[in-house]
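K.L.:
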Amino acid sequence: MKIIVMDSANVRIEVLNVPDHMINEDIEQFLTEHDYSLNNISWMAAPIDFVPVQFHDYSISQPNGEFMHASRHARLKDFTIYDSVQEVKNREQEELATALRLHGEKVMMAMSGTLRENVPS
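If you read the sequence shown in our numbering, its first letter stands for residue 795, the second for the next number, and so on.
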């Protein structure tokens, strides 16, 4: 089981691996014994290896002053931001594919040595 600890005093999130059989009273005792101040933290037990995370972005549009809200879903998996990494990886692959579609012929010619633009003699 994982215990997700949000420490407001130190502005951080900690993930603790603990035995699955712990109950709420055991968890609070465990946290106290390991120097967590129950006054400064919030915690939740997660009996799974990933936790859904929802990111929100609140802003005001500069051109028209309208309130804007965007959100995206991810999950804390194996306690890395798995979906964010996958999203970046997929976006980079899409950008590469787009660049190859736009400039692919020049790249292929350059790789084969047939492109002689801007090459000093």
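C-beta: ideal position from N, C-alpha, C; glycine also.
Does the Cβ-Cβ distance between Arg869 and Phe849 come in under 8 Å?
P.N.:
To locate residue 869, count along the sequence shown from 1; it is residue 75. To locate residue 849, count along the sequence shown from 1; it is residue 55. No, Cβ-Cβ distance for Arg869 and Phe849 is not below 8 Å.
K.L.:
Per DSSP, what kind of secondary structure is Ile842 in: helix, strand or coil?
P.N.:
Numbered from 1 along the sequence shown, position 48 holds the residue referred to as residue 842. Looking at Ile842 - three-state DSSP - the assignment turns out to be coil, as it is neither helix nor strand.
K.L.:
For Glu822, which of Asn804, Met838, Ile807 has the nearest alpha-carbon?
P.N.:
Mapped onto the sequence shown, residue 822 falls at position 28. Closest by alpha carbon: Met838.
K.L.:
If you draw a straight line from the C-alpha of Glu881 to the C-alpha of Glu888, how long is it?
P.N.:
Numbered from 1 along the sequence shown, position 87 holds the residue referred to as residue 881. Numbered from 1 along the sequence shown, position 94 holds the residue referred to as residue 888. C-alpha separation (whole angstroms): 10 Å.
K.L.:
Could you work out which residue in Thr892, Ile797, Ser831 is closest to His815 when comparing CA atoms only?
P.N.:
The count along the sequence shown starts at 1 and reaches residue 815 at position 21. The candidate whose alpha carbon is nearest that of His815 is Ile797.
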